[in-house]
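Below is one structure, written out as structure tokens, with a few remarks after it.
In my numbering, the protein residues as written are 320 to 776.
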């Protein structure tokens with residue numbers, strides 16, 4: 320039987336339950352004379368990676384390292400690949416054609432163009448008597464698919480950049496626990512905090528300035544001197560106990576860098592860079608009598624050549640699944656509305672980010688369609704893709720992919736029809752009833768700046 324080494328694969332007992340899953344050994348260490356292995360469960364997200372001992376391994380089923388594909392091009396070689404345009408970051412060569420591709424090819428009949436009116440039909444039952452256009456798969460690509468859909472060389476500026484995960488060190492979680500405010504959180508991924516601090520059992524963070532410290536005693540001394548009780552920058556939104564601050568990455572460089580270090584603990588698809596000057600950060604806080612407590616944030620480029628309105632987005636784990644992710648997304652589109660632009664998040668999205676955006680796009684577009692009324696002649700309401708995009712500030716490609724994902728768009732009797740079944744309407748009503756917190760546009764006090772006239776920001 321081979322001794323388990325880095326790169327070898329074997330079944331490992333999952334931490335939850337009694338099931339075994341195939342895992343790859345990333346690293347190995349000896350603690351108190353016992354071998355420990357850092358493993359990655361294949362086909363599972365890296366946030367589940369962990370150290371295990373040999374008692375959880377099926378050593379008699381060990382496999383050698385996975386052979387690399389000789390046809391795989393070496394990083395940096397070959398023709399450069401463009402950024403993916405689809406929300407799930409897949410290639411345009413996928414087997415299911417997109418609606419825009421089908422329109423370009425041209426059907427045999429005379430069909431209406433996308434910029435013409437789409438008739439909206441609210442079906443009385445869940446059955447639809449027309450053939451829907453196939454929707455793209457919701458499969459979240461694994462690491463190989465993501466690498467294929469990414470540019471060959473990531474952008475080397477800004478707070479975070481898409482990356483190729485080839486460094487063994489960055490594949491391993493390096494921080495055991497963080498304490499921020501009243502929460503202790505187990506990180507999901509690697510973040511480049513100073514190495515001497517990552518060896519501690521707990522890394523302490525000031526919840527106001529995000530400075531990292533080695534002990535609770537140091538944190539107490541720091542809090543006596545820390546002048547911040549809210550993020551630096553301008554408060555641009557306040558409703559109830561929810562507040563948003565806009566932080567300039569050039570004016571508040573230390574805070575921005577600390578925010579990126581914190582975010583990297585929970586974002587795997589980005590690489591951290593320390594040049595935060597080209598970015599604005601929008602930090603969401605919960606307000607009480609002690610101050611403003613960070614809940615999450617999103618960043619955006621001051622000037623985006625590709626109309627991205629979000630670069631990175633994160634809700635901290637302790638408040639996830641409470642609607643705060645959609646609140647961040649909703650604010651990003653409210654800013655785009657003020658700018659008079661349509662926007663889209665930077666690709667690739669994380670698995671959780673993709674689900675959040677899919678849900679937000681679906682709810683927002685269905686809210687528009689459900690509100691349409693017949694005209695004065697009693698004819699069915701009609702709307703164009705461009706009109707939906709202008710009303711919501713959601714980029715046209717994202718509108719199309721969402722309609723396909725929901726199987727709402729069909730071709731019937733010479734025209735494209737949006738068919739809202741009773742099932743779709745009931746599902747939308749149920750999801751909206753759970754959405755308790757929304758952005759109130761009147762509470763937003765923000766004016767866009769023309770960064771092209773400001774030199775180097």
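Note that the Cβ used here is the ideal one computed from N, Cα and C, for glycine as well.
Residue range 561-567 is occupied by the beta strand (DSSP E) that includes residue 565. For the options 516, 376, 382 and 524, the alpha carbon positioned closest to that of residue 503 is the one of 524. The Cβ-Cβ distance between residue 664 and residue 628 falls below 9 Å. For residue 703, there is no enclosing beta strand (DSSP E), as DSSP marks it with neither H nor E. For the pair residue 717 and residue 364, the CB atoms are not nearer than the 9 Å cut-off. Counting the other CB atoms within 10 Å of its CB gives residue 751 a total below 16, which places it among the exposed residues. Scanning its chain for C-beta atoms nearer than 8 Å, with the 5 sequence neighbours on each side dropped, one finds around residue 347 the residues 323, 324, 325, 354, 355, 356 and 357, in chain order. With contacts defined by Cβ atoms closer than 9 Å, residue 616 and residue 578 form a contacting pair. For residue 579, the uninterrupted alpha helix (DSSP H) segment begins and ends at 572-583. For the pair residue 564 and residue 537, the CB atoms are not nearer than the 9 Å cut-off. The C-beta separation of residue 655 from residue 720 comes to about 18 Å, leaving the pair out of contact by the 8 Å criterion.
Using a C-beta cut-off of 8 Å, the stretch 552-564 makes contact with the stretch 753-773, since at least three inter-stretch Cβ pairs fall below that distance. By a beta-carbon distance limit of 8 Å, residue 509 contacts residue 492. Their separation comes to about 6 Å. Beta bridge pairing from DSSP links residue 734 with 731.
Rounded to whole angstroms, the separation of the alpha carbons of residue 636 and residue 613 is 12 Å.
In the structure shown, residue 763 falls within a strand segment according to DSSP collapsed to helix, strand and coil.
Taking all protein chains in view, the Cβ of residue 649 is crowded by 16 or more other Cβ atoms within 10 Å, so the residue is classified as buried.
Cβ neighbours of residue 685 within its own chain (closer than 6 Å, five residues either side excluded): 747. For residue 586 against residue 646, the beta-carbon gap comes to about 18 Å, at or over 8 Å, which does not count as contact.
DSSP places residue 710 within a helical segment (H, G or I) once states are collapsed to three. Here residue 652 is near residue 683, since their CB atoms are less than 9 Å apart. In the structure shown, the three-state DSSP call for residue 748 is helix. Assignment of residue 723 by DSSP, reduced to helix, strand and coil, places it in the helix class.
If you draw a 10 Å sphere on the C-beta of residue 331, you find 16 or more other C-beta atoms in it, and that means buried.
Residue 588 is positioned such that its CB atom lies closer than 9 Å to that of residue 668.
DSSP places residue 377 outside both helix and strand once states are collapsed to three, so it counts as coil.
Contact check for residue 373 against residue 342 fails: the beta carbons are separated by 9 Å or more. The Cβ-Cβ distance between residue 526 and residue 552 does not fall below 9 Å. Here residue 549 is near residue 610, since their CB atoms are less than 9 Å apart.
Looking at 383, 701, 598 and 379, the one whose alpha-carbon comes closest to that of residue 344 is 383. Here residue 615 carries a strand assignment [DSSP, helix/strand/coil]. Under the DSSP assignment, residue 657 falls outside any beta strand (DSSP E), being part of the alpha helix (DSSP H) whose first and last residues are 643-658.
In the three-state reduction of the DSSP assignment, residue 342 falls in the strand class, which pools E and B. The DSSP-derived three-state label of residue 359 is strand.
If you draw a straight line from the Cα of residue 543 to the Cα of residue 514, it comes to about 26 Å. Under DSSP, residue 634 shares a beta bridge with 615.
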